[in-house]
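Here is the structure we will look at, set down as structure tokens.
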Amino acid sequence: MLAFSRKQIMQPRIFNLNTLLADDEKMLQRMIGEDITLRIRFADSLGFVKADPGQIEQVIMNLVVNARDAMPQGGQLTIETTTVHLDGEQTQQHGDLEAGVYVLLRVIDTGCGMDAEIRKQIFDPFFTTKEQGKGTGLGLSTVYGIVRQSGGSIEVASEPGHGTTFEIYLPRIEAESVRREEKLEKATLRAASETVLVVEDDETILNGVIRMLEDLGYTVLSANTPSEAIRLVNEYSNDIHVVITDVVMPEMNGKDLSEHLGSIKPTMKFLFMSGYTADIIAKRGVLEEGMHFIPKPFAEDALAAKLREMLDK
Numbered sequence: 003m004l005a006f007s008r009k010q011i012m013q014p015r016i017f018n019l020n021t022l023l024a025d026d027e028k029m030l031q032r033m034i035g036e037d038i039t040l041r042i043r044f045a046d047s048l049g050f051v052k053a054d055p056g057q058i059e060q061v062i063m064n065l066v067v068n069a070r071d072a073m074p075q076g077g078q079l080t081i082e083t084t085t086v087h088l089d090g091e092q093t094q095q096h097g098d099l100e101a102g103v104y105v106l107l108r109v110i111d112t113g114c115g116m117d118a119e120i121r122k123q124i125f126d127p128f129f130t131t132k133e134q135g136k137g138t139g140l141g142l143s144t145v146y147g148i149v150r151q152s153g154g155s156i157e158v159a160s161e162p163g164h165g166t167t168f169e170i171y172l173p174r175i176e177a178e179s180v181r182r183e184e185k186l187e188k189a190t191l192r193a194a195s196e197t198v199l200v201v202e203d204d205e206t207i208l209n210g211v212i213r214m215l216e217d218l219g220y221t222v223l224s225a226n227t228p229s230e231a232i233r234l235v236n237e238y239s240n241d242i243h244v245v246i247t248d249v250v251m252p253e254m255n256g257k258d259l260s261e262h263l264g265s266i267k268p269t270m271k272f273l274f275m276s277g278y279t280a281d282i283i284a285k286r287g288v289l290e291e292g293m294h295f296i297p298k299p300f301a302e303d304a305l306a307a308k309l310r311e312m313l314d315k
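Be aware that the sequence shown starts at 3, since it is given in the numbering used here, and climbs by one per residue.
Quick look at the structure:
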């Protein structure tokens, strides 16, 4: 559990934090209810960050829920973005960040605040100030882990009766880096020559993935069941480079299938796909760190990039 709270399965990409917040504003308002006023302030020319957008959403939602719970009688919640430049001396105040430009996300509430003793413990696994049975204690520990894995830092300022401010620093990605990444993504769409086995019990999804792979130039084998996949690998093991498998299927799950097929061909590579999020699958022990994962539904270019990432290593 500790490993899960600190270490997340990441799917990083370059994105604009302002856009993410704008898309989530209505959802955040519903989360806090009518007694709390939500204000979001967007910085101009914010730039980009490279992180897992789904997990940054998780960070924001965790902080918003904590802010809501700190204001049971209502109040104001402010979320703001800005850009800051940290020099060598300033980085010493922010853990082990390197000097440079950062996107800063602030989440500010007018709630009950917390004392120094609580502030020292809030990022510890299982620490909670909530009543027994009303909190897991994993929320802020998970937030800390995600931010650190994203190359950033998180800090808190709070006093009893004076609200709480969380500050998250994420390295700012320059426009040139964004252009290079876009060129790299386009390069991954070149025609392929490998053979891919797709294992999916939903015929509609299976046919859709087959069409994508054929468009990209792959030779495709397909199976509706794990037992059919095992038969195909026994027959064509020397020809198959990658197995794309659903995680949740009848007979056996994707992880068990990969272990069985891996015993037939140890060099086989596996890409897991699921309509569940990576975090949910990791909680169930089906997906482990280092495994390749793509969430359903996915676009053809996302599949192409993921396969080239795996095959070109």
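Virtual Cβ for every residue (Gly too), placed ideally from N, Cα, C. Keep in mind that this is a model prediction, so the values were computed, not measured.
Leaving aside the five residues before and after residue i along the sequence, list all residues of the same chain whose C-beta is less than 6 Å from its C-beta, in chain order.
i, result
"Thr39", "Gln78"
"Glu157", "Glu169"
"Pro162", "Gly115 and Asp117"
"Arg233", "none"
Taking DSSP's pairing of strands, which residues face residue i in a bridge?
i, result
"Val105", "Thr85 and Leu172"
"Ile38", "Gly77"
"Glu157", "Glu169"
"Ile1", "What is shown of the chain runs 3 to 315, which leaves residue 1 out entirely."
"Val244", "Val198 and Lys271"
"Arg15", "Ala53"
"Ile296", "Met275"
"Arg43", "Glu82"
Taking a contact to mean a Cβ-Cβ separation below 7 Å, would you say residue i touches residue j in this structure?
i, j, result
"Leu172", "Val198", "no"
"Asn20", "Leu48", "yes"
"Ala45", "Thr83", "yes"
"Ile16", "Ile212", "no"
"Ile81", "Thr167", "no"
"Val105", "Val51", "yes"
"Asp89", "Ala101", "yes"
"Pro228", "Leu208", "no"
"Gly264", "Met270", "yes"
"Gly76", "Asp37", "yes"
So what does DSSP say about residue i, is it helix, strand or coil?
i, result
"Val250", "coil"
"Asp204", "coil"
"Pro228", "helix"
"Asp111", "strand"
"Thr221", "strand"
"Ala53", "strand"
"Leu273", "strand"
"Leu48", "coil"
"Ile124", "coil"
"His262", "helix"
"Asn20", "helix"
Output needed for residue i: all residues of its chain with C-beta closer than 8 Å, excluding positions within five of it in sequence on either side, in chain order.
i, result
"Leu273", "Val244, Val245, Ile246, Thr247, His294, Phe295, Ile296, Lys308, Leu309 and Met312"
"Pro55", "Arg15, Phe17 and Leu22"
"Val67", "Met33 and Gly141"
"Arg121", "Val158 and Ser160"
"Arg43", "Thr80, Ile81, Glu82 and Thr83"
Can you name, in chain order, every residue of its own chain whose Cβ lies under 7 Å from the Cβ of residue i, other than the five neighbours on each side?
i, result
"His87", "Val103"
"Glu290", "none"
"Tyr238", "Leu223"
Any 3 or more C-beta pairs closer than 8 Å across the segment 198 to 210 and the segment 246 to 263
The segment 198 to 210 is in contact with the segment 246 to 263.
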